[in-house]
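Student: Just dropping this structure here.
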Amino acid sequence: MSIEHIVADIKIKTDEAELHRVEIKNQYEVLNTMLQESGGIRTREVDDTYKNIDRLFGIKAKLEAEVRVLKAKLLDNLLETDVEK
Numbered sequence: 017m018s019i020e021h022i023v024a025d026i027k028i029k030t031d032e033a034e035l036h037r038v039e040i041k042n043q044y045e046v047l048n049t050m051l052q053e054s055g056g057i058r059t060r061e062v063d064d065t066y067k068n069i070d071r072l073f074g075i076k077a078k079l080e081a082e083v084r085v086l087k088a089k090l091l092d093n094l095l096e097t098d099v100e101k
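Put into structure tokens, the structure is as follows:
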């Protein structure tokens, strides 16, 4: 995998993770509003929102892990390139 390809993948996955972070924040705001409206009672909608937040955290964590792996590959490639010179 070329350095340019790795850098592009890192950028894409980092951007996707950021989008999920923003969506998680938005879901927490929705959840807070729903709990206030229900008087703190957990409704089906509240439970569904919690499940969605958990799902988004899982996706975000996977993307962040992939970015860490790609950064390690990038470092390896850079070190190999430097050694060859």
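Here my numbering = 1-based position in the sequence shown + 16.
Think of the CB as a built atom: it goes at the ideal place given N, C-alpha and C, for glycine as much as any other residue.
How close, in whole Å, do the beta carbons of residue 93 and residue 19 come, if the pair is a contact with beta carbons under 8 Å?
Tutor: Counting from one through the sequence shown, the residue named residue 93 turns up at place 77. Counting from one through the sequence shown, the residue named residue 19 turns up at place 3. With a Cβ gap of about 5 Å, residue 93 and residue 19 count as contacting.
Student: Would DSSP call residue 58 helix, strand or coil?
Tutor: The count along the sequence shown starts at 1 and reaches residue 58 at position 42. DSSP places residue 58 in coil when its eight states are reduced to three.
Student: From residue 38 to residue 97, what does the alpha carbon distance come to, in whole angstroms?
Tutor: By one-based count along the sequence shown, residue 38 stands at place 22. By one-based count along the sequence shown, residue 97 stands at place 81. Answer to the nearest angstrom: the Cα atoms are 37 Å apart.
Student: By DSSP, does residue 135 sit in helix, in strand, or in coil?
Tutor: No information on residue 135 is available, as it lies outside the stretch 17 to 101 that the chain covers here.
Student: Just the C-alpha distance for residue 22 and residue 36, rounded to the nearest angstrom, thanks.
Tutor: Within the sequence shown, residue 22 is the residue found at index 6, counting from 1. Within the sequence shown, residue 36 is the residue found at index 20, counting from 1. Those two C-alpha atoms are separated by around 21 Å.
Student: Please work out which residues of its chain come closer than 7 Å, Cβ to Cβ, to residue 80, disregarding the five sequence neighbours upstream and downstream, and give them in chain order.
Tutor: Against the sequence shown, residue 80 aligns to sequence position 64. Correct list, in chain order: 33.
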